[in-house]
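Residue numbers (our numbering): 1369 to 1796.
Structure (structure tokens):
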């Protein structure tokens, strides 16, 4: 259609050149018969060539250059009509341009193989060749008979290109979740879950995050209108208030400011899965446990190649009398080794609710990549929960790990409904 009727930008450009100056605007474009769904994209294409809209009218400089570019595009499309060409013989810049425009050109990958006899093959004595029959495919008829006993079977090159089966398989993210779950279960951990909706108290105050912390603002956290308030046990509110205001019996000075109990009962979407492990400790303060969780969390993030407002976190704790930092580091190194990353190092870090704190890095493709934070929960966190045992804790972003495993540069590719792309991702 574009070859016979002309490209959209060519049609609009020709109209602009012929129209009166007073008519060179969007209303004139519509009056000339261009539909709204055509005008927008067409004007966009012309803008990329230097045409501007000033005070509602179309203006331009370099008329010859614009015309020459449009003519070259038109000639290119017309030359392709009803034919096939080797892309290497065509203008690569025009191929790149039209490849980004839907439905104008179609590019197919083809493989050409040429065979030539080697010197040995040319000199081979063909008179000594013997024609033999080889079985290339085993059928029920062959198996039912006796011919296969003395037959010669054709050898197969397992490295030869072959079509990819079109069968279904788990989504790469789900496959990775199952792999992580399997590794932790293999290491003797149990899985826990929690609700998306939490109170600000359990989500933040329990972790000794000050109520004035920037992460608690509406710019970073999804606060809810329903439920606007999530009830918290009065005894927990009292404990958190004492810890935040003056440290209570933890040896800490606290934050030295008044604790707002109403703020602690605001409803929100959890910003991390640490809230699950915190509540698990509160419910089992005197029971040794090694637990992990994999769940969705929510933050007010602008969507780009490395951020999403909804993503997954992997969380885990070791809660027992002899828990210590070497145990934590050893556990994380074992986990990453089982995931296929044997080179692991830790570096000192700071997190509000752990001390000491370390960041975990793995060596991948020649560089060290940070994949998570960890540490020992501070007394201000654990003592209000009723336990005196140390707690090794860690957390990491699942999507970041998925990008590493799948070799992606853009986090959005994990959730795009592109079946072809998904089918080509590595099987985990």
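Just so you know, even glycine gets a beta-carbon here, dropped at the ideal spot from N, CA and C.
Determine the DSSP secondary structure at residue 1405, reduced to helix, strand or coil. helix
Could you pull out every residue in the same chain whose Cβ sits closer than 8 Å to the Cβ of residue 1540, ignoring the five residues on either side in sequence? 1770, 1774, 1782, 1790, 1793, 1794 and 1796
Please report the straight-line C-alpha distance between residue 1460 and residue 1728, rounded to a whole angstrom. 45 Å
Could you spell out where the alpha helix (DSSP H) holding residue 1605 opens and where it closes? 1602 to 1614
By a C-beta neighbour count over all protein chains shown, 10 Å radius and 16 as the cutoff for buried, is residue 1713 buried or exposed? Exposed, by the Cβ-count rule.
First and last residue of the uninterrupted beta strand (DSSP E) at residue 1731: 1722 to 1732
Touching or not, the region 1541 to 1554 and the region 1702 to 1710, by the rule of three or more beta carbon pairs under 8 Å? yes
Measuring from the CB of residue 1385, is there a heavy atom of the ligand COA at a distance below 6 Å? Only the bare structure without any ligand can be found here, which leaves the ligand COA out of the picture.
Taking all protein chains shown into account, decide if residue 1721 is buried (16 or more other Cβ within 10 angstroms of its Cβ) or exposed. buried
The region 1729 to 1737 touching the region 1577 to 1596, judged by at least three CB pairs closer than 8 Å: They do not touch, by the three-pair rule.
Distance between residue 1456 and residue 1684 (C-alpha atoms, nearest Å): 54 Å
What residues in its chain sit with their C-beta under 7 Å from that of residue 1521, if we drop five residues either side in the sequence? If we look at residue 1521 and ignore the five residues flanking it on each side, its Cβ neighbours are 1502 and 1503.
Mark residue 1384 as exposed unless 16 or more other C-beta atoms lie within 10 angstroms of its C-beta, in which case mark it buried. Around the CB of residue 1384, 16 or more other CB atoms lie within 10 Å, so the residue is classed as buried.
Could you name the residues that DSSP lists as bridge partners for residue 1382? Beta-bridge pairing by DSSP links residue 1382 to no other residue.
Might you give, ordered along the chain, the residues of its own chain that have their beta carbon closer than 6 Å to the beta carbon of residue 1764, omitting 5 neighbours on each side? 1682, 1739 and 1740
Considering only DSSP beta bridges, list what residue 1427 is partnered with. 1420
Are the CB atoms of residue 1644 and residue 1545 within a distance shorter than 7 Å? no
From residue 1428 to residue 1464, what distance separates their C-alpha atoms? 25 Å
Would you please state the rounded distance, in angstroms, between the beta carbons of residue 1642 and residue 1575? I believe it to be under 8 Å. 6 Å
Under a three-way DSSP split, which group does residue 1570 fall into? helix
Return the residue from the list 1687, 1578, 1380 and 1508 that minimises the CA-CA distance to residue 1875. Nothing can be reported for residue 1875: it is not among the residues displayed for the chain, which extend from 1369 to 1796.
Considering only DSSP beta bridges, list what residue 1742 is partnered with. 1726 and 1762
Could you tell me which of 1599, 1420 and 1656 sits nearest to residue 1566, measuring between CA atoms? 1599
Have a look at 1448, 1618, 1524 and 1490 and flag the residue whose alpha-carbon is nearest the alpha-carbon of residue 1506. 1524
Straight-line Cα distance separating residue 1580 from residue 1748: 17 Å
Member of 1660, 1668 and 1547 whose CA lies at the smallest distance from the CA of residue 1557: Nearest neighbour of residue 1557 by Cα position, chosen from 1660, 1668 and 1547, turns out to be 1660.
Contacts around residue 1615, its chain only, beta-carbon distance under 8 Å, and the 5 residues preceding and following it disregarded: 1621, 1622 and 1748
Please report the residue range of the alpha helix (DSSP H) in which residue 1547 lies. Its alpha helix (DSSP H) spans residues 1540 to 1554.
Bounding residues of the beta strand (DSSP E) (the contiguous stretch that carries residue 1661): 1657 to 1666
Can you tell me whether residue 1443 is buried or exposed? The criterion is at least 16 other CB atoms within 10 Å of its CB, across all chains shown. exposed
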